[in-house]
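Asks: Numbering (this note's numbering), first residue to last: 118 to 528.
What follows is the structure, encoded as structure tokens:
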């Protein structure tokens with residue numbers, strides 16, 4: 118593990134460069150996460166096909182994130198994030214050039230698989246590098262800044278992407294994404310981060326498997342709070358996160374018969390809930406701690422159930438659209454509070470030698486949940502296409518029931 122040279126002040130040069138490059142990469146990723154699924158759904162009208170594509174896009178995170186954890190702990194993080202952002206930019210550029218020559222669907226699936234493979238290898242380094250840029254006691258503040266930028270990107274990018282996709286086509290989005298990743302790579306290359314090379318006694322895949330097992334033992338035996346909140350993180354990724362991403366897109370497009378711009382506005386509006394979460398945790402953080410993680414899941418799942426019930430009972434498209442947006446926004450607010458608490462606790466309480474491994478493990482847990490859900494939900498929505506809102510209620514109901522089993526006892 119690299120030795121950390123603590124920054125003397127919060128807003129230092131490297132932290133600012135990191136934040137700018139982070140925001141560029143988030144905007145580019147948000148463009149792609151919005152545009153490609155909506156494009157496929159618009160062209161095919163097939164929710165099962167959409168579910169298949171989304172499954173393939175998440176699967177590399179399950180396979181390669183632990184390998185990324187090995188890279189983060191044993192290689193120069195600046196080089197990792199610089200090289201991988203450049204490779205992603207190059208990959209998108211190649212896709213844009215050849216999309217008019219080869220089969221578009223096959224090429225799109227290949228792009229998603231390769232891009233998420235690169236991001237999964239990069240992610241642990243990108244997420245833990247912040248620990249070397251700011252004082253550890255200000256980690257919550259750093260996480261709040263990161264989330265605000267990520268949410269701002271999530272709000273603006275889908276709205277802009279919806280307009281660009283409707284009026285300019287997919288190619289314009291791909292070019293913009295490639296340029297943003299290229300600029301992010303340039304900024305990453307200017308970061309100054311200390312690095313101490315460690316000896317690697319095993320191959321990278323054997324090391325990643327060993328790290329995964331040691332992370333599992335650490336979470337399972339050393340920290341009961343982290344164990345229970347990690348289970349909650351898996352439930353969130355498996356059942357609640359898809360509701361905020363895939364379900365609104367399908368409901369708005371197929372049930373309300375609205376276009377890409379409406380879908381983009383909805384995704385952006387829902388992301389505003391993240392801003393509310395960041396603002397709330399700065400005010401009520403002492404009352405809503407990691408020990409209350411199960412309570413947050415109970416609130417989230419209950420809000421989503423109520424939203425889908427009201428949506429299903431409403432016949433007016435405009436009112437149903439508003440109910441879906443407001444309810445999803447509130448659910449996202451609680452989930453952002455949960456995530457901020459979880460990753461701040463992880464960074465503050467985990468041993469220095471374990472933080473990269475545990476971060477990779479946490480990301481793998483999230484992506485495993487997302488992959489399993491995306492694999493099933495496309496077919497699930499196809500079967501219950503006439504009653505999507507009713508079928509969607511099953512997911513938060515399962516979370517609600519399981520949340521009571523992971524409550525953390527406090528003195």
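For glycine and all other residues, C-beta sits at the position ideal for the given N, C-alpha and C.
Roughly how many whole angstroms lie between the Cα atoms of residue 482 and residue 337?
Replies: Your numbering for residue 482 matches position 365 in the chain shown. Your numbering for residue 337 matches position 220 in the chain shown. Roughly 14 Å separates the two Cα atoms.
Asks: Secondary structure at residue 377, three-state DSSP: helix, strand or coil?
Replies: Counting from one through the chain shown, the residue named residue 377 turns up at place 260. It is helical.
Asks: Over the uninterrupted alpha helix (DSSP H) stretch that includes residue 247, give me the two end residues.
Replies: Reading the chain shown from its first residue, position 130 is the one you call residue 247. Per DSSP, residue 247 belongs to no alpha helix (DSSP H) and is neither H nor E.
Asks: Identify whether residue 120 lies in helix, strand or coil by the three-state DSSP scheme.
Replies: Locating residue 120 in the chain shown gives position 3, counting from the first residue. Unreliable placement is indicated for residue 120, whose pLDDT of 40 sits below 50; the coordinate value is still reported in the next sentence. Of the three classes helix, strand and coil, the one that applies to residue 120 here is coil, per DSSP.
Asks: What separation, rounded to the nearest whole angstrom, lies between the Cα atoms of residue 455 and residue 178?
Replies: Locating residue 455 in the chain shown gives position 338, counting from the first residue. Locating residue 178 in the chain shown gives position 61, counting from the first residue. If I take the Cα positions, the gap works out to 21 Å.
Asks: If you measure between the beta carbons of residue 188 and residue 308, is that distance less than 8 Å?
Replies: In the chain shown, counting from the first residue as 1, residue 188 sits at position 71. In the chain shown, counting from the first residue as 1, residue 308 sits at position 191. No, these two residues do not count as a Cβ contact at 8 Å.
Asks: Just how far apart, CA to CA, sit residue 332 and residue 395?
Replies: Position 215 of the chain shown, counted from the start, is the residue given in the question as residue 332. Position 278 of the chain shown, counted from the start, is the residue given in the question as residue 395. One C-alpha to the other measures close to 28 Å.
Asks: Report, in whole angstroms, the separation of the C-beta atoms of residue 215 and residue 224, which I expect to be a contact under 8 Å.
Replies: If you number the chain shown from 1, residue 215 lands on position 98. If you number the chain shown from 1, residue 224 lands on position 107. Between residue 224 and residue 215 the Cβ distance is about 6 Å, and since that is below 8 Å, they are a contact.
Asks: Is residue 310 helix, strand or coil when you go by DSSP?
Replies: Your numbering for residue 310 matches position 193 in the chain shown. Here residue 310 sits in coil by DSSP.
Asks: How long is the line joining the alpha carbons of residue 477 and residue 345, rounded to whole angstroms?
Replies: The residue you call residue 477 lines up with position 360 of the chain shown. The residue you call residue 345 lines up with position 228 of the chain shown. About 17 Å.
Asks: Do residue 390 and residue 425 have their C-beta atoms closer together than 8 Å?
Replies: Position 273 of the chain shown, counted from the start, is the residue given in the question as residue 390. Position 308 of the chain shown, counted from the start, is the residue given in the question as residue 425. No. Outside cutoff.
Asks: Pull up the CB-CB distance for residue 515 and residue 356, whole angstroms please, since I reckon it's below 8 Å.
Replies: Position 398 of the chain shown, counting from 1, holds the residue named residue 515. Position 239 of the chain shown, counting from 1, holds the residue named residue 356. Right, the Cβ-Cβ distance comes to about 6 Å (below 8 Å), so this counts as a contact.
Asks: Can you list, in chain order, the residues of its chain whose CB lies under 6 Å from that of residue 528, leaving out five sequence neighbours each side?
Replies: Here residue 528 refers to the residue found at position 411 when the chain shown is read from its first residue. In this predicted model, residue 528 has a pLDDT of only 48, less than 50, meaning its place in the structure is not dependable enough to derive any value.
Asks: Reducing DSSP to helix, strand and coil, say where residue 286 ends up.
Replies: Counted from its first residue, the chain shown places residue 286 at position 169. DSSP places residue 286 in coil when its eight states are reduced to three.
Asks: Which residue wins for smallest C-alpha separation from residue 418, given the options 435, 457, 132, 358?
Replies: The residue given as residue 418 occupies position 301 in the chain shown. Residue 418 has its Cα closest to that of 358, out of 435, 457, 132, 358.
Asks: Spatial neighbours of residue 137 within its chain, please: CB distance less than 7 Å, with the 5 preceding and 5 following residues excluded, ordered by chain position.
Replies: As a working mapping, residue 137 is identified with position 20 in the chain shown. Closer than 7 Å at Cβ, skipping near neighbours: 304.
Asks: Leaving aside the five residues before and after residue 450 along the sequence, list all residues of the same chain whose C-beta is less than 6 Å from its C-beta, in chain order.
Replies: On the chain shown, residue 450 is found 333 positions in, with the first residue counted as 1. 390, 393, 394, listed in sequence order.
Asks: Expressed to the nearest angstrom, what Euclidean distance is found between the alpha-carbon atoms of residue 276 and residue 386?
Replies: Counting from one through the chain shown, the residue named residue 276 turns up at place 159. Counting from one through the chain shown, the residue named residue 386 turns up at place 269. Straight-line Cα distance between these residues: approximately 9 Å.
Asks: Distance, Cα to Cα, residue 479 vs residue 161?
Replies: The residue given as residue 479 occupies position 362 in the chain shown. The residue given as residue 161 occupies position 44 in the chain shown. Approximately 34 Å between the Cα atoms of the pair.
Asks: Rounding to the nearest angstrom, what Cα-Cα distance links residue 258 and residue 453 in this structure?
Replies: Mapped onto the chain shown, residue 258 falls at position 141. Mapped onto the chain shown, residue 453 falls at position 336. Their backbone Cα atoms lie some 14 Å apart in a straight line.
Asks: Apart from the five residues just before and just after residue 149, which ones in its own chain have a Cβ nearer than 6 Å to its Cβ?
Replies: Translated into positions along the chain shown, residue 149 becomes position 32. These residues qualify, in order along the chain: 294.
Asks: Among residues of its own chain, excluding the 5 on either side of residue 442, which ones have a beta-carbon nearer than 7 Å to its beta-carbon?
Replies: In the chain shown, residue 442 corresponds to position 325, counting from 1. Same-chain partners within the cutoff: 383, 386, 387.
Asks: Can you tell me whether residue 334 is buried or exposed, with buried defined as 16 or more other CB within 10 angstroms of its CB?
Replies: What you label residue 334 is simply residue 217 of the chain shown in a count that begins at 1. Its Cβ having fewer than 16 others within 10 Å, residue 334 is exposed.
Asks: What residue from 348, 362, 226, 489 has the CA that sits closest to residue 524's CA?
Replies: Working through the chain shown from its first residue, we reach residue 524 at position 407. Checked all of 348, 362, 226, 489; the closest Cα to residue 524 is 348.
Asks: For residue 539, which of helix, strand or coil comes out of DSSP?
Replies: Only positions 118 to 528 of the chain appear in this structure, which leaves residue 539 out of reach.
Asks: Are there 16 or more other CB atoms within 10 angstroms of the CB of residue 183, so buried, or fewer, so exposed?
Replies: For the purposes of this step, residue 183 is taken as the residue at position 66 of the chain shown. By the 10 Å Cβ count, residue 183 comes out buried.
Asks: Is the beta carbon of residue 292 sitting closer than 8 Å to the one on residue 213?
Replies: By 1-based counting over the chain shown, the position of residue 292 is 175. By 1-based counting over the chain shown, the position of residue 213 is 96. Yes, Cβ-Cβ distance for residue 292 and residue 213 is below 8 Å.
Asks: Assuming residue 463 contacts residue 444 (C-beta within less than 8 Å), just tell me the rounded distance between them.
Replies: Here residue 463 refers to the residue found at position 346 when the chain shown is read from its first residue. Here residue 444 refers to the residue found at position 327 when the chain shown is read from its first residue. Contact doesn't hold; Cβ gap of about 29 Å is too wide.
Asks: At the level of alpha carbons, what is the spacing between residue 380 and residue 435?
Replies: Taking the first residue of the chain shown as 1, we reach residue 380 at position 263. Taking the first residue of the chain shown as 1, we reach residue 435 at position 318. Going from the Cα of residue 380 to the Cα of residue 435 covers about 13 Å.
Asks: So for residue 431, helix, strand or coil by DSSP?
Replies: In the chain shown, the residue the question calls residue 431 occupies position 314. If DSSP states are grouped into helix, strand and coil, residue 431 belongs with coil.
Asks: Which residues in the same chain have their Cβ closer than 8 Å to the Cβ of residue 374, if we skip the five residues on either side of it in sequence?
Replies: Counting from one through the chain shown, the residue named residue 374 turns up at place 257. Excluding sequence neighbours, residue 374 sits near 434.
Asks: Go ahead and label residue 521 buried or exposed: buried means 16 or more other beta carbons lie within 10 angstroms of its beta carbon, across all protein chains shown.
Replies: Position 404 of the chain shown, counted from the start, is the residue given in the question as residue 521. Looking at its Cβ environment, which holds fewer than 16 other Cβ atoms inside 10 Å, residue 521 is exposed.
Asks: Pull up the CB-CB distance for residue 369 and residue 131, whole angstroms please, since I reckon it's below 8 Å.
Replies: Sequence index remark: in the chain shown, residue 369 carries index 252 (1-based). Sequence index remark: in the chain shown, residue 131 carries index 14 (1-based). Wrong, their Cβ atoms sit about 41 Å apart, outside the cutoff.
Asks: Does the beta-carbon distance from residue 506 to residue 497 come in below 8 Å?
Replies: As a working note, residue 506 is residue 389 in the chain shown. As a working note, residue 497 is residue 380 in the chain shown. Taking 8 Å as the Cβ cut-off, residue 506 and residue 497 do not qualify as a contacting pair.
Asks: Identify which residue in 511, 510, 420, 474 has its Cα closest to the Cα of residue 244.
Replies: Within the chain shown, the letter at position 127 stands for residue 244. Comparing Cα-Cα distances from residue 244 to each of 511, 510, 420, 474, the minimum goes to 474.
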